[in-house]
Amino acid sequence: MADNIVLIGFMAVGKGRTARELSRQTGRFAVDCDDLIESLVKMNIADIFATHGELYFRALEGRVARWLAECVSATIVSTGGGFAAVADLGRIGTIVHLHSEFDAIIAAIRGHPRARQKIKKRPLLQDLDQARRLYDRRRQLYRQVADLQIDVTGRPVSLVAAEIIERT
Ligand code: S3P
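Listed below in structure tokens is the structure:
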């Protein structure tokens, strides 16, 4: 198994931020699956969804997952909220679920100085009722695939990263 740390969890829970902090604390590279996809197809995520649809995006996630499992090691990987559904996720590394309740995630994003951009760039966060239902479904998926679950609600990212290092 490739020796990576893979952060999964719902949209806007802080996977990218935690990955950057883990990179800072460990000296390992951090890569983000959505960034890889955007650079591969030279479009942003919202445009990929609008132009090609969600299924096309999921296929790209599958391609990224295979590449990570085969070619990448000793790296911190942050993922999009749906990436946990890719086949053979565990081949990429140790799976860490960053958990927070739906209402806490939405409150945090609304309180962010760039709240509008953060919501706009996420096609599946446009309708809050649908997003809540998605959260309920995903929650089970995250639990099933994770090696480790960490509650991040209201906690400083430096402490979350330190706990991940200690427990992986
Ligand atoms: C998605 C989450 C997004 C991005 C895409 C789809 C999802 O990433 O991959 O909009 O299915 O939950 P974040 O988790 O960084 O918002």
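Residues 54 to 221 in my numbering are what the sequence shown spells out, letter by letter.
Glycine included, each C-beta is placed from N, C-alpha and C at the ideal position.
Determine the extent of the beta strand (DSSP E) in which residue i is found, giving its start and end residues.
i: isoleucine 61; result: 57-61
Flag residue i as yes when its Cβ comes closer than 8 angstroms to any non-hydrogen atom of the ligand S3P, and as no otherwise.
i: aspartate 87; result: yes
i: valine 66; result: yes
i: phenylalanine 155; result: no
i: arginine 159; result: Per the sequence shown, the amino acid found at residue 159 is isoleucine instead of arginine. Not under cutoff, so the answer is no.
i: glycine 133; result: yes
i: phenylalanine 82; result: no
i: glycine 106; result: no
i: glycine 69; result: yes
i: leucine 75; result: no
i: isoleucine 148; result: no
i: isoleucine 98; result: yes
i: leucine 177; result: yes
Do residue j and residue i count as a contact pair if the criterion is CB distance below 9 angstroms?
i: leucine 151; j: valine 66; result: yes
i: isoleucine 148; j: aspartate 200; result: yes
i: glutamate 154; j: threonine 104; result: no
i: leucine 177; j: methionine 64; result: yes
i: alanine 55; j: alanine 137; result: no
i: asparagine 57; j: valine 125; result: yes
i: aspartate 131; j: glycine 80; result: Reading off the sequence shown, one finds serine at residue 131, where the question assumed aspartate. In this structure, glycine 80 does not lie closer than 9 angstroms to serine 131 by Cβ.
i: isoleucine 218; j: isoleucine 203; result: no
Which whole-angstrom value describes the C-beta separation of residue i and residue j, a residue pair presumed to lie in contact below a C-beta threshold of 8 angstroms?
i: lysine 174; j: isoleucine 162; result: Wrong, their Cβ atoms sit about 11 angstroms apart, outside the cutoff.
i: valine 94; j: threonine 128; result: Not really, about 21 angstroms apart at Cβ, beyond 8 angstroms.
i: valine 59; j: isoleucine 159; result: Going by Cβ atoms, the distance from valine 59 to isoleucine 159 rounds to 24 angstroms, so no, they are not a contact pair.
i: glycine 115; j: alanine 140; result: 7 angstroms
i: leucine 75; j: alanine 214; result: 5 angstroms
i: glycine 1; j: arginine 111; result: Only positions 54 to 221 of the chain appear in this structure, which leaves residue 1 out of reach.
i: valine 210; j: threonine 71; result: 6 angstroms
Three-state secondary structure (DSSP) at residue i?
i: methionine 54; result: At methionine 54 the pLDDT is 49, less than 50, meaning the model places this residue with poor confidence; the figure from the coordinates comes in the next sentence. Reduced to three states, the DSSP call for methionine 54 is coil.
i: threonine 71; result: helix
i: glycine 21; result: Given that the chain is displayed from residue 54 to residue 221, the structure contains no residue 21 and the question cannot be resolved.
i: histidine 152; result: strand
i: proline 209; result: coil
i: glutamine 179; result: coil
i: valine 94; result: helix
i: aspartate 88; result: helix
i: alanine 122; result: helix
i: aspartate 204; result: strand
i: alanine 83; result: strand
i: histidine 52; result: Only positions 54 to 221 of the chain appear in the structure, and residue 52 is not among them; the question remains open.
i: alanine 199; result: coil
On the DSSP letters alone, give me the boundaries of the alpha helix (DSSP H) that residue i sits inside.
i: serine 131; result: Where serine 131 is concerned, there is no enclosing alpha helix (DSSP H), although the beta strand (DSSP E) it sits in stretches over 129-131.
i: lysine 171; result: 168-173
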